[in-house]
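These notes are about the structure you will find just below.
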Amino acid sequence: MTVIEHKYFEHPDVCIRHLEWTAFQHILFDKDWNKLRDAIPEYDQRPFYWLEHFHAKAKEKHHLIKGKLYKKDITSMEDFYRELDKLLKPKPLGKALKDKKQRTAQSAYQKEQLGDAYIDNKLLISKAKQSAFQLAEHNADKDMIVTRANELVKEHLNEALSPEQLNTLINLIERQVDKHLRLDRVEASIIDTDNKNMYFMWGKIKRQIVKKDTFAWTNALAAKEARCSKGDVKAIMRNLEKLGAIKCIQKGKSGSFTRRANLYRREV
C-alpha cells in the first residue's frame, strides 16, 4: 500500500489542498480517486468539498498546475512540489516591492551600460555573489578571483562567456569581496550601545550579507545566530534599524503556510 505523506491538506487555500490531492491521484494512484480515498480514510469526504471549491474559486495559476498534471508534464511528487513552491512564494509588498522595482531598474540600466558585456543569467550572478564571501575569508587576490570566475562559468553555463562578459563577472566578484571586507562608522555606534547581543547579531549579519543586499531573517534564525532568546530579537533588530545598519522592507507573517519571514536590507 502506498504511504501518503501530505503537506497541504490543512492549507488555508482550499485550491492548494485540491491540487495536492490531484497530484497524489494522478502520480501515485493512476488517476483512481477511490484508491486514494482508501489510502487516506481520515480525509474521506473533504476532497469533494475541495473539488467544488476549486471549480468555483480557482485562478489561472491553479488551473495551470492542474493542467500539467493531466497532461503528464508533471510526473513525480518532487516535480509537483517544485511547481507548487513557485506558486506559494510570497509576493513582495510595500517596501519589498519598491526594493524589487529598484533592483529591476538597476538591472535594466546595467544592461544598457554594459551592452554586449552584460550577463543575463541570474543563477550565475547569484553564485558569484555567494563565492565572494569565501574569497573574502581567504583574502583572495586577483588570480584567485579570476580562477573562481572561470569555475563558475563551467559549473553553471553550457557555453563560455565572451571576454567582455567574463570581465564583468570578475569585476562583480571583486566588488562583492570588497564589500565583505569594508567596515563602516555605524559599527562604532553599535559598539557604543554596550549591548553584546546586538553587536553579535550585527557581526553575524555583516559576515554573511553584503551592503545593500536583502535577506530573510526569522526570529528563530536570528536567535540562533546571536545566541539570544527569541524574545530579544525584535528589540535588537529594531535598534539596528534605528542606528541605520539595516532596514526592514517587509514584515514577516507567522503561520505554517505563509513562508514569509521578516525581509531586511543591509544598509552599511
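Sequential numbering of the sequence shown, starting at 16, is according to the working numbering.
All C-beta atoms in this analysis are idealised placements derived from N, C-alpha and C, irrespective of residue type, glycine included.
When the options are compared against residue i, the one with the closest alpha-carbon
{"i": "Gln60", "options": "His78, Ile80, Trp36, Ala71", "result": "Trp36"}
{"i": "Lys83", "options": "Ile261, Ala203, Ala38", "result": "Ala38"}
{"i": "Pro56", "options": "Asn154, Gln117, Ile19", "result": "Ile19"}
{"i": "His70", "options": "Ile31, Lys46, His41", "result": "Ile31"}
{"i": "Ile188", "options": "Asp158, Asp209, Asn173", "result": "Asp158"}
{"i": "Ser91", "options": "Asn210, Asp45, Leu66", "result": "Asp45"}
{"i": "Arg190", "options": "Ala250, Ala235, Ala143", "result": "Ala143"}
{"i": "His21", "options": "Phe95, Asp88, Lys76, Tyr64", "result": "Phe95"}
{"i": "Asn277", "options": "Gln40, Gly109, Lys116", "result": "Gly109"}
{"i": "Glu67", "options": "His33, Thr229, Ala237, Ala238", "result": "His33"}
{"i": "Lys101", "options": "Gln125, Leu51, Lys76", "result": "Lys76"}
{"i": "Leu99", "options": "Asp28, Leu255, Ala203", "result": "Asp28"}
{"i": "Lys81", "options": "Ile42, Tyr58, Leu51", "result": "Ile42"}
{"i": "Ile89", "options": "Leu103, Asn154, Gln40", "result": "Gln40"}
{"i": "Ala235", "options": "Arg281, Leu258, Asp247", "result": "Asp247"}
Beta bridge counterpart(s) of residue i as assigned by DSSP
{"i": "Lys262", "result": "Arg280"}
{"i": "Lys142", "result": "In the DSSP output, where bridge partners are listed per residue, Lys142 has none listed."}
{"i": "Phe230", "result": "Tyr279"}
Nearest-angstrom Cβ-Cβ length linking residue i and residue j, presumed shorter than 8 Å
{"i": "Lys262", "j": "Tyr279", "result": "7 Å"}
{"i": "Val201", "j": "Val283", "result": "5 Å"}
{"i": "Ala260", "j": "Ile206", "result": "That belief does not hold up - the Cβ atoms of Ala260 and Ile206 are roughly 12 Å apart, past 8 Å."}
Distance between residue j and residue i (C-alpha atoms, nearest Å)
{"i": "Gln149", "j": "Tyr23", "result": "37 Å"}
{"i": "Glu179", "j": "Lys226", "result": "26 Å"}
{"i": "Lys264", "j": "Asp53", "result": "According to the sequence shown, residue 264 is Ile rather than Lys. One C-alpha to the other measures close to 47 Å."}
{"i": "Ser177", "j": "Gln145", "result": "22 Å"}
{"i": "Phe230", "j": "Ala237", "result": "12 Å"}
{"i": "His171", "j": "Leu139", "result": "6 Å"}
{"i": "Asn165", "j": "Asn186", "result": "13 Å"}
{"i": "Leu103", "j": "Lys221", "result": "30 Å"}
{"i": "Arg281", "j": "Asp47", "result": "51 Å"}
{"i": "Gln117", "j": "Lys194", "result": "20 Å"}
Residue i Cβ short of 8 Å to the ligand FAD heavy atom set
{"i": "Ser146", "result": "Ligands displayed in this structure: none; no statement on the ligand FAD is therefore possible."}
Residue-chain proximity (residue i, chain D), Cβ-Cβ < 9 Å
{"i": "Ser204", "result": "Checking the listed chains, one finds no chain D in this structure; it contains a single protein chain."}
Whether or not the segment 167 to 186 and the segment 125 to 135 are in contact is what I'm after, with contact meaning three or more pairs of Cβ atoms, one per stretch, closer than 8 Å; do they touch?
In short, these stretches touch, since the Cβ pair count reaches three.
Quick one: any contact between the segment 239 to 247 and the segment 205 to 217, if contact means 3 or more CB pairs under 8 Å?
Counting Cβ pairs under 8 Å, three or more are found: they touch.
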